[in-house]
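Chemist: The opening position of the sequence shown corresponds to residue 1 in my numbering, with each subsequent residue numbered one higher. Note that beta-carbon positions come from the ideal geometry of N, C-alpha and C, so glycine has one too.
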Amino acid sequence: MTASNIFKEAGMHLRKFHTNSENLRHMWKENKLSDFQNSNDSLKVLGILWDTNSDVLRFDVQFFPDDWKFNPTKRLVLKAMLKIFDPIGFIAPFSIRMKML
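1) Looking at C-alpha atoms only, which residue of Lys99, Arg75, Ile84 is the closest neighbour of Trp49?
2) Between Ser21, Met27, Lys69, which has its C-alpha nearest Val56's C-alpha?
3) Just to confirm the assignment, what range does the beta strand (DSSP E) spanning Lys44 have?
4) Count the other C-beta atoms from every protein chain shown that fall within 10 angstroms of the C-beta of Thr73, then say buried if there are 16 or more, exposed otherwise.
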């Protein structure tokens with residue numbers, strides 16, 4: 001019994017699932033099981049960018065706004081840190097250090 005059948009019996013349509021396995025992608029494409037478009041773009045998983053080709057999680061962070069060219073203040077550091085969305089806490093050791101300034 002496949003995941004698609006289990007969800008179908010429950011009245012839910014399983015769609016838009018992704019994998020980092022090239023074999024599974026090929027199998028899904030042959031069986032037309034996924035809407036997966038083969039692209040080099042990262043997709044968002046829990047707000048974090050996931051590159052399925054290299055199986056790497058990436059954070060969209062811009063630490064150095066134009067304001068930092070002249071005088072990086074504690075307020076600007078905290079402002080930049082709060083822009084980071086990290087629901088799982090991967091970069092918590094780094095972000096906590098920034099909060100302690």
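Modeler: Taking the coordinates as given:
1) Before going on, a small fix: residue 49 reads as Leu here, not Trp. Checking every option, the nearest Cα to that of Leu49 belongs to Ile84.
2) Ser21
3) 43 to 45
4) In this structure Thr73 is exposed. Its beta-carbon is surrounded by fewer than 16 other beta-carbon atoms within 10 angstroms.
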